[in-house]
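Written below as structure tokens is the structure these notes are about.
Right, dumping it as structure tokens:
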């Protein structure tokens, strides 16, 4: 069910093999076989009569095991304005590779190919033996353009909120990479809170040294005071990170 294409490199000294999943029926087959978790659509939540604000970033539809018959089941149970044959009415769809949308993210398709290929072919072993130069998932140009617009602009250098597009990163790179950038953004934001007390301590230190007034004593007091600030800051950052994780 995979789409396989082989082609030579520009200088014709290497052969590339491209493996993709373009058929949605194949995607659904592997989703059922692997009991894949997918997210319900925001439209379905509204049709079910759940008063959930779709604009809240902390509030999102749940993830459940994929079932292509769920739309039919809900329709039989009396859910109105629901097309049981349209997966987009039930599950969230992604438009990175298919303009009409798909229930599979790029990361899901890559995981399926890697899992199924690993059953019959040891790719890492082939690389170690020199049979294969390397293997890697390729980027999607459309998604990279979107990420560049929302995440890679020079104007964001002056954005001290350090907000990261976590949901977009998760759907494209996976949960592990998204977590790394979520922590990096939070830590950078937390460090800015130390800027004010650090500048105050620096000002006192420079003034004391310039006036040559009890330099050693003042330095010890500043070190002790800033250490207390670090302790309080660390505790507050820890509590705030716990809230972010929830």
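Residue numbers (the working numbering): 10 to 255.
Using N, Cα and C, we set each Cβ at its ideal position, and we do this for glycine too.
By a C-beta neighbour count over all protein chains shown, 10 Å radius and 16 as the cutoff for buried, is residue 248 buried or exposed? Residue mapping note: residue 248 aligns to position 239 of the chain shown, counting from 1. So residue 248 counts as exposed.
Is it the case that the segment 63-82 contacts the segment 15-30, given that we only count it when at least three CB pairs across the two stretches are under 8 Å? As far as the Cβ criterion goes, the segment 15-30 does not touch the segment 63-82, which means the pair count is below three.
Going by beta carbon distance, what residues of the same chain come within less than 6 Å of residue 152, once the five residues before and after it are set aside? For the purposes of this step, residue 152 is taken as the residue at position 143 of the chain shown. Hits under 6 Å: 105, 181.
Taking contact to mean 3 or more Cβ pairs, one atom from each stretch, closer than 8 Å, check whether the segment 171-189 and the segment 203-217 are in contact. no
Taking a contact to mean a Cβ-Cβ separation below 9 Å, would you say residue 102 touches residue 88 in this structure? The residue given as residue 102 occupies position 93 in the chain shown. The residue given as residue 88 occupies position 79 in the chain shown. The answer is no: Cβ separation not under 9 Å.
Between the beta-carbon of residue 100 and the beta-carbon of residue 61, is there less than 9 Å? Stepping through the chain shown from its first residue, residue 100 is reached at position 91. Stepping through the chain shown from its first residue, residue 61 is reached at position 52. Going by C-beta atoms, residue 100 is not nearer than 9 Å to residue 61.
Closest residue to residue 56 among 162, 92, 77 (Cα-Cα distance): Position 47 of the chain shown, counted from the start, is the residue given in the question as residue 56. In this structure, 92 is the residue among 162, 92, 77 with its C-alpha nearest to the C-alpha of residue 56.
Have a look at 158, 242, 30 and flag the residue whose alpha-carbon is nearest the alpha-carbon of residue 126. As a working mapping, residue 126 is identified with position 117 in the chain shown. Per the Cα distances, 30.
Segment limits, alpha helix (DSSP H) that includes residue 37: By one-based count along the chain shown, residue 37 stands at place 28. Residues 33-42.
CB-CB length for residue 139 against residue 173, believed under 8 Å: Mapped onto the chain shown, residue 139 falls at position 130. Mapped onto the chain shown, residue 173 falls at position 164. Approximately 39 Å separates the beta-carbon atoms of residue 139 and residue 173; this is outside 8 Å, ruling out the contact.
Beta-bridge partners of residue 27, as assigned by DSSP: Indexing the chain shown from 1 puts residue 27 at position 18. Per DSSP, 14.
Simplified DSSP state of residue 59, which is helix, strand or coil: Numbered from 1 along the chain shown, position 50 holds the residue referred to as residue 59. In this structure, residue 59 counts as coil in the three-state DSSP scheme.
Can you tell me whether residue 80 is buried or exposed? The criterion is at least 16 other CB atoms within 10 Å of its CB, across all chains shown. Here residue 80 refers to the residue found at position 71 when the chain shown is read from its first residue. It counts as buried.
How many whole angstroms separate the CB atoms of residue 159 and residue 177, which I take to be in contact at a CB cut-off of 8 Å? Numbered from its first residue, the chain shown carries residue 159 at position 150. Numbered from its first residue, the chain shown carries residue 177 at position 168. Contact flag correct, Cβ pair sits at about 7 Å.
Cβ-based neighbour list, residue 143, same chain, cut-off 8 Å, excluding 5 preceding and 5 following: To locate residue 143, count along the chain shown from 1; it is residue 134. Once the five neighbours on either side are set aside, the close Cβ partners of residue 143 are 136.
DSSP beta-bridge partners for residue 72? Within the chain shown, numbered from 1, the residue matching residue 72 stands at position 63. Per DSSP, 48.
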